[in-house]
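Since the structure comes first, as structure tokens, the remarks are kept for the end.
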DNA sequence: CTGAAAGCGCTTACAG
DNA sequence: CTGAAAGCGCTTACAG
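Residue numbers (the working numbering), protein chains in the order written: chain A, 1311 to 1645; chain B, 1311 to 1645.
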């Protein structure tokens, strides 16, 4: 069975390609009778437009591409999944198709399997970029080609890009202050890799709060996965002897609970624990985990609204939005 | 900055479009000197092919599209995330780009935001379909248009489709038998919605094993999320008084642990718990969760291999592959 | 209200 | 080793 094209419909109905095109795109200036006939044949033949041919000419696809981490999830966590679900729903409501494709800011150009190739071909009208890095070649490309895009995360390279990000500094700052208010005096902070802005910022906020209050603190980087945390945490806890532990990523808290248990310490009596992300599962841990909530709903709404605004209007001024974190209190920090 | 095209390069170098095309596609029959000159200008002008224009003519894109649940994750769980990561990696190794797009077997045709539109336009050479349903209109379309695809999950409608699926019957069967060997005599099974084949099959295997052994059992459907499980589990446990609980989806086990704890029962002494999926976090629960492992690595390998085989050879015979589940034993079932 | 022509950026099939 | 022509399936700009 061959693909049905515009001209097949034209031939079958006796009208021109152009008239058929008018019907398909719901344009005016077609006799009702003509419209009816053409629509009938379209349905009968199960015709559907070829988006690529259309895009080649009209340069618009009603599709948005979302670039996600190519190395696929060393640090693709539960939070990423939550926001992906939200994006799907919200773009759909606005009438856009979404595609997700793996891509990296480092080798988006040379690597033939990088999803960024697709965007260069005009497959999408605009893009969302996760996991951007300093000197991201994709951002340069998008800017110089005038393609609308929003970065998911801070961009420190340029003043003219739009981004939405969690206020990671405040996440670290508020988290530390909260534990300090709860009378913690020796606070440990487990974080991911120091090369990521997210982790740097959280560390910075945490450090400032601790130093201002004059409490002891220790920051441990490179804890990217749950296994890693379990591997190193007991020794560090024994050495530093904290009365409060802050952990970046609720999912890692599960392993932390295990470590603390095995050291025969109690949460929250001996050690309070505070997470970041407020995952759905966290309230079911024992004890339920307090966590810094990142408001996924607000985050994804801002992303979608901003990109769609850029898609419709030209020359939207660059906007930079920070989502304010909020502490959700549960038993892991109540004594 | 306008997009650079083939003819821009041709004009600049003084060669024809066709010769430039030869260089880009690494075809033979071009003088070394010519190749060098053209390559130089390509680099200088930062040219990259327009995949859409190319596909319009050559009908091949080196791209694979993966359709995921459109309603975005009512039941998109941690297992889905794991396999997505794996697919990205494995398609990449084989030189293919991947895009993920939300789509539904019910309204892929009418809904303009459904990712299936993209495939109809030939954006991808082949497809993977998650969350297929009975009478899936996408499967009909793909079959009648001769587009290679593999279904992720059983297809009961047709004999001529290829699929890879977990052997869900065996997952239910082996899980039940394992608990029976461990001397459980009253076994509860929490599952998702009965409309899904996955859940039906797991239930069927479970039931057969229990009946064969003559133990008491109870199957509870409609437990799609962690909150739901927590909401209903205590009452059901009190009523049925199980000594073994089997739960479909490790992530829900967290809430189950909480329920059991709050009922002042001990795992595994009073109640053994067995999950399905063997998520990375499960070994860190307290006590560590035994689980039916679904071998994500093998699963994704089979999917990728099968689809790529179909992409290269015509008329590959339909294959149906079932992944054999394996029980991973941990403390939650050891007494 | 309708249509003929040109062109989007490529490749295929052919000629030289 | 190189190129001119036709065409993939659409839309744009124009004419009638």
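Just so you know, even glycine gets a beta-carbon here, dropped at the ideal spot from N, CA and C.
Item to check | Supposed contact pair residue 1371/B and residue 1433/B - C-beta distance, whole angstroms, cut 8 angstroms | outcome: 6 angstroms
Checklist entry - Mind listing which residues of the stretch 1397-1408 of chain B have their C-beta closer than 8 angstroms to chain A's C-betas, in chain order? => result 1398, 1399, 1401, 1402, 1405, 1406, 1407, 1408
Next on the checklist: Quick check on residue 1548/A: buried or exposed, where buried means 16 or more other Cβ atoms within 10 Å of its Cβ?
Outcome noted: exposed
Checklist entry - Within the 7 angstroms Cβ cut-off, does residue 1486/A reach chain B? => result no
Checklist entry - Which residues, taken in chain order from the stretch 1590-1607 of chain B, show a beta carbon closer than 7 angstroms to some beta carbon of chain A? => result Within the stretch 1590-1607 of chain B, the residues whose Cβ lies closer than 7 angstroms to some Cβ of chain A are 1590, 1591, 1594, 1595, 1596, listed in chain order.
Checklist entry - If you pair each beta-carbon of the stretch 1492-1501 of chain A with each one of the stretch 1464-1476 of chain A, do three or more pairs fall below 8 angstroms? => result With the cut-off at 8 angstroms, the stretch 1492-1501 of chain A and the stretch 1464-1476 of chain A do not touch.
Item to check | Helix, strand or coil at residue 1536/B according to DSSP, with G and I counted as helix | outcome: helix
Checklist entry - Mind checking residue 1622/A: buried by the 16 CB within 10 Å criterion, or exposed? => result exposed
Next on the checklist: Quick check on the DSSP output: the alpha helix (DSSP H) that includes residue 1606/A runs from which residue to which?
Outcome noted: 1606-1622
Next on the checklist: For the stretch 1522-1542 of chain A against the stretch 1586-1597 of chain B, do three or more pairs of beta-carbon atoms, one drawn from each stretch, fall closer than 8 angstroms, so that the two count as touching?
Outcome noted: yes
Item to check | Residue interval of the alpha helix (DSSP H) (run including residue 1392/A) | outcome: In this chain, the alpha helix (DSSP H) harbouring residue 1392/A covers 1388-1403.
Next on the checklist: Rounding to the nearest angstrom, what Cα-Cα distance links residue 1407/A and residue 1417/B in this structure?
Outcome noted: 14 angstroms
Checklist entry - Who are the near neighbours of residue 1528/B in its chain, counting only those whose CB is closer than 6 angstroms to its CB and skipping five residues on each side? => result 1498, 1550
Checklist entry - Are the stretch 1478-1486 of chain A and the stretch 1518-1525 of chain A touching by the rule of at least three beta carbon pairs closer than 8 angstroms? => result yes
Checklist entry - Does DSSP put residue 1524/B in a helix, a strand or coil? => result coil
Next on the checklist: Tell me the residue span of the beta strand (DSSP E) that contains residue 1437/B.
Outcome noted: 1436-1440
Checklist entry - Under 7 angstroms between the Cβ atoms of residue 1402/A and residue 1614/A? => result A distance of 7 angstroms or more separates the beta carbons of residue 1402/A and residue 1614/A.
Item to check | C-alpha distance - residue 1599/B paired with residue 1587/B, whole-angstrom precision | outcome: 11 angstroms
Next on the checklist: Contact between the stretch 1629-1642 of chain A and the stretch 1323-1331 of chain B is defined here as three or more beta-carbon pairs at a separation below 8 angstroms; is this criterion met?
Outcome noted: no
Checklist entry - Using a C-beta to C-beta distance shorter than 8 angstroms, which residues of chain B count as neighbours of residue 1620/A? => result What residue 1620/A touches in chain B: nothing, since even the nearest Cβ is about 17 angstroms away.
Item to check | Contact set between residue 1365/A and chain B, taken where Cβ atoms lie within less than 7 angstroms | outcome: 1362
Next on the checklist: I need the straight-line Cα distance from residue 1345/A to residue 1314/A, nearest angstrom please.
Outcome noted: 18 angstroms
Next on the checklist: Using a Cβ-Cβ distance cut-off of 7 angstroms, determine whether residue 1575/A contacts chain B.
Outcome noted: It does not: the Cβ of residue 1575/A has no partner Cβ on chain B nearer than 7 angstroms.
Checklist entry - Does the stretch 1418-1431 of chain B touch the stretch 1345-1356 of chain B, meaning 3 or more C-beta pairs lie closer than 8 angstroms? => result no
Checklist entry - For residue 1323/B, which residues from the same chain have a beta carbon less than 6 angstroms from its beta carbon, with the 5 sequence-adjacent residues on both sides left out? => result 1347, 1348, 1351
Next on the checklist: Runs of 3 residues minimum, wholly inside the stretch 1437-1521 of chain A: which ones carry the beta strand (DSSP E) assignment?
Outcome noted: 1459-1462, 1472-1476, 1496-1500
Checklist entry - residue 1429/A and residue 1375/A: beta carbons closer than 7 angstroms? => result Yes.
Checklist entry - Can you check whether the CB of residue 1631/A is closer than 7 angstroms to the CB of residue 1605/A? => result no
Checklist entry - Going along the chain, which residues of its own chain have a beta-carbon closer than 6 angstroms to the beta-carbon of residue 1413/A, five neighbours each way excluded? => result Within the same chain, 1377, 1380, 1424, 1425, 1426 come within 6 angstroms of residue 1413/A by CB-CB distance, once the 5 residues on both sides are set aside.
Checklist entry - Run through DSSP, which three-state label would residue 1433/B get? => result coil
Item to check | Close beta carbons around residue 1382/A, own chain, < 7 angstroms, minus the five adjacent residues each side | outcome: Residue placement at residue 1382/A cannot be trusted, given a pLDDT of 48 that sits under 50; what the coordinates show is reported in the next sentence. Within the same chain, residue 1382/A has close Cβ partners 1412.
Next on the checklist: Can you tell me which residues form a DSSP beta bridge with residue 1410/A?
Outcome noted: 1376/A, 1410/B
Checklist entry - Closest to residue 1558/B by CA distance: which of 1388/B, 1579/B, 1495/B, 1608/B is it? => result With distances taken between CA atoms, residue 1558/B lies nearest to 1388/B out of 1388/B, 1579/B, 1495/B, 1608/B.
Checklist entry - DSSP puts residue 1556/A in a beta bridge; with which residues? => result Per DSSP, the beta bridge partners of residue 1556/A are 1499/A, 1584/A.
Item to check | Extent of the continuous alpha helix (DSSP H) run through residue 1319/A | outcome: 1316-1323
Item to check | Residue environment, residue 1510/B, which counts as buried when at least 16 other CB atoms sit within 10 Å | outcome: buried
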